[in-house]
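Its first residue numbered 4, the sequence shown is counted upward by one per residue in this note's numbering.
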Amino acid sequence: MKKLSIVIPVYNEKDTLEEILKRVEAVRLPLEKEIILVDDGSKDGTRDILKKLTERYQVVFHEHNRGKGAAVRTGFAAMLTWNTTRRNTQNF
4 MKKLSIVIPV
14 YNEKDTLEEI
24 LKRVEAVRLP
34 LEKEIILVDD
44 GSKDGTRDIL
54 KKLTERYQVV
64 FHEHNRGKGA
74 AVRTGFAAML
84 TWNTTRRNTQ
94 NF
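Structure follows, in structure tokens:
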């Protein structure tokens with residue numbers, strides 16, 4: 004089965020993370036989805052939420068904020084496939 008990698012850069016998304024993941028999971032495709040969440044140094048409790056999700060999703064942590072571009076590049080480096088899409092969490 005083909006696989007789609009979805010990289011989601013995350014920064015201080017404590018209040019929106021659950022909804023973002025629900026919407027991504029709700030999209031039905033004839034592909035297996037690999038969801039990679041990259042926390043870019045969140046300070047609002049997002050990191051604690053993400054730590055609980057490491058068995059379901061691939062989660063990568065930046066120790067300090069390096070910017071969205073760095074988070075996207077980190078996610079691309081972590082993905083296992085080349086079929087990709089990028090979503091800005093602000094646009095969900």
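Where is the CB? At the ideal position from N, CA and C, for every residue including glycine.
State buried or exposed for residue i, treating a residue as buried only when at least 16 other CB atoms are found within 10 Å of its CB.
i, result
"residue 10", "buried"
"residue 74", "buried"
"residue 16", "buried"
"residue 57", "exposed"
"residue 41", "buried"
"residue 43", "buried"
"residue 78", "buried"
"residue 32", "exposed"
Short of 8 Å in beta carbon distance, which residues of its chain neighbour residue i, apart from the five on each side in sequence? Order them along the chain.
i, result
"residue 54", "62"
"residue 94", "Any reading at residue 94 must be qualified, since the residue scores a pLDDT of 49, below 50, and its modelled position is unreliable; the value itself is stated next. Once the five neighbours on either side are set aside, residue 94 has no close Cβ partner at all."
Which same chain residues end up closer than 6 Å to residue i when comparing Cβ atoms and leaving out the 5 residues on each side of it in sequence?
i, result
"residue 22", "none"
"residue 112", "With the chain covering only 4 through 95, there is no way to say anything about residue 112."
Let's see if you can read the secondary structure: which residues bound the beta strand (DSSP E) around residue i?
i, result
"residue 6", "6–13"
Jot down the residue ranges of each uninterrupted alpha helix (DSSP H) in the segment 15–78, minimum 4 residues, whole runs only, in chain order.
20–29, 49–54
Original post:
With contact counted as at least three CB pairs below 8 Å, one residue from each stretch, are the segment 41–53 and the segment 12–31 in contact?
Top reply: yes
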